[in-house]
Amino acid sequence: MPSTVILGTGSYAPARVLTNAELSTMVDTSDEWIRTRSGIRERHIAAPGESTSDMAVHAAKAALQDAGLAPTDIDLLVVATVTPDLVLPAASCIIQHKLGLRTDTACFDLNAACSGFVYALDTASAMVASGRYKKALIIGVEKLSSVVDWQDRTTCVLFGDGAGAAVLGVSDQPGVGLLGTKLGAYGDCVDLLYITHGGSDNPTTPESIAARNHCIRMKGKEVFKIAVRAMDEAARDILEQQGVTADQIALVIPHQANLRIIEAISQYLKLPMERFYVNVDRYGNTSAASIPIALDEARRAGRIKSGDITLLVAFGAGLTYGSALIRW
Ligand SMILES: CC(C)(COP(=O)(O)OP(=O)(O)OC[C@H]1O[C@@H](n2cnc3c(N)ncnc32)[C@H](O)[C@@H]1OP(=O)(O)O)[C@@H](O)C(=O)NCCC(=O)NCCS
């Protein structure tokens, strides 16, 4: 099979920045607590009326421009999100229309929470490598501000909004592009990070809204422990699978949930923090958007050079995990 390569990337964050100082006027918290426990200083919040699909379109246009392609060149769109505009239909269909993609473009959403972009990369790569699709657009996008409980200090300080995108195609050059992926999930941990209402088990009711059961609930300490283990294992598995050693990785782009989780992975892999791209301080946790925003920033900042090996590694609600190795 030919190798799949990333032809372009793009990202977008809403203009509105919510600082820790402002949050501490909303709930009983402080800049000091948030910074020391999570590394987060501020996050972006979608404007009133700004939808998930709007943010996705901004990131997608930037990725298409970076790839030198037109919307009509795309024949596959995969959107990773847990906060689609609507429950039905898929955000990808709304984005397809807003972007002006062809009507013979395959469109679907994928929910793997914060691992969503790595899942989308793996899925779209396989579809492109098969030859049945030529150019894929993959987007990780979230409007988590719409499902955060702004009265719950244990979660509301952690999340933010944004979008990141990448365009995939094939290359005849051997040994470049997506070298491999490792995906998985601990389905026994669904009760660690979840939204109880609004799904088919518990449709929304006036009572559920009053109790804010349409919002994210999380057992933070438990998630932290499993996240570190899952990311470390996912990273080691993909390195072993591809016969690559940790010191050969030029840059790790981890899911940006918490600086302390990233520091723990750095210690476990015995790779200095200089080799990790970190922007959690400026965005908070943007779930499926976190890795593609970081990837786009890293590329545009010149942190990724031709021949470099980049490791993407993520975990999220599910609990899902995923890793990917890319040679540029
Ligand atoms: C959420 C998280 C930052 C909390 O950090 P922690 O060190 O585990 O803190 P704890 O939950 O033990 O809380 C410590 C204390 O701070 C309090 N606290 C919680 N949130 C607070 C806040 N925003 N401001 C001030 N105090 C807060 C708690 O109530 C607790 O008080 P207590 O000791 O009196 O009960 C951390 O557990 C974490 O990052 N977990 C992973 C979450 C994650 O990544 N989720 C996304 C997955 S994709």
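According to this note's numbering, the stretch in the sequence shown is residues 8 to 335, in order. Beta carbons are placed, not taken as given, at the ideal position from N, Cα and C, and that holds for glycine. As the structure is a prediction and not an experimental result, all values here were calculated from the model.
Asked                                                                                                                                                       : Found
Count the other CB atoms within 10 Å of the CB of LYS150; is the residue buried (16 or more) or exposed (fewer)?                                            : buried
Under the three-state reduction of DSSP, which class applies to ALA98: helix, strand or coil?                                                               : helix
Our contact map puts VAL235 next to ALA271 with C-beta atoms below 8 Å; I'd like the distance itself, whole angstroms only.                                 : 5 Å
Please return the same chain residues whose Cβ sits closer than 8 Å to the Cβ of ILE202, not counting the five positions on each side in sequence.          : VAL154, ASN220, HIS221, CYS222, ILE223, ARG224
Return the first residue and the last residue of the beta strand (DSSP E) that THR16 is part of.                                                            : 10-19
Sorted by chain position, which residues of the same chain lie with C-beta nearer than 6 Å to ALA170's C-beta, five sequence neighbours on each side aside? : TYR19, MET62, ALA63, ALA66, VAL148, ALA296
What span of residues does the beta strand (DSSP E) with SER60 cover, start to end?                                                                         : Not the beta strand (DSSP E): SER60 falls in the alpha helix (DSSP H), residues 59-74.
Please determine, among ARG50, THR16, HIS104, SER37, the residue with the shortest C-alpha to C-alpha distance to ALA264.                                   : ARG50
Give the DSSP bridge partners of ILE145, in chain order.                                                                                                    : VAL85, ALA173
Using a C-beta cutoff of 8 Å, does ASP244 count as contacting chain B?                                                                                      : Judged by its chain identifiers, the structure shown contains no chain B, having just a single protein chain.
What is the rounded straight-line gap between the Cα of LEU128 and the Cα of MET33?                                                                         : 37 Å
Does the Cβ-Cβ distance between VAL85 and THR130 come in under 8 Å?                                                                                         : yes
With a cut-off of 8 Å on the beta carbons, I'd call LEU332 and LEU186 a contact; round off their distance for me.                                           : 4 Å
Where are the alpha helix (DSSP H) runs, 4 residues long or more, that stay fully inside the segment 278-306, in chain order?                               : 287-290
Who pairs with THR212 in a beta bridge, going by DSSP?                                                                                                      : The partner list for THR212 (beta bridge, DSSP) is empty, contrary to what the question assumes.
LYS228 by DSSP, collapsed to three states: which one?                                                                                                       : helix
Closest to SER313 by CA distance: which of ARG334, TYR328, SER330, LEU326 is it?                                                                            : ARG334
Across the segment 158-169 and the segment 110-120, are there enough close Cβ pairs to call them in contact, namely three or more that are closer than 8 Å? : no
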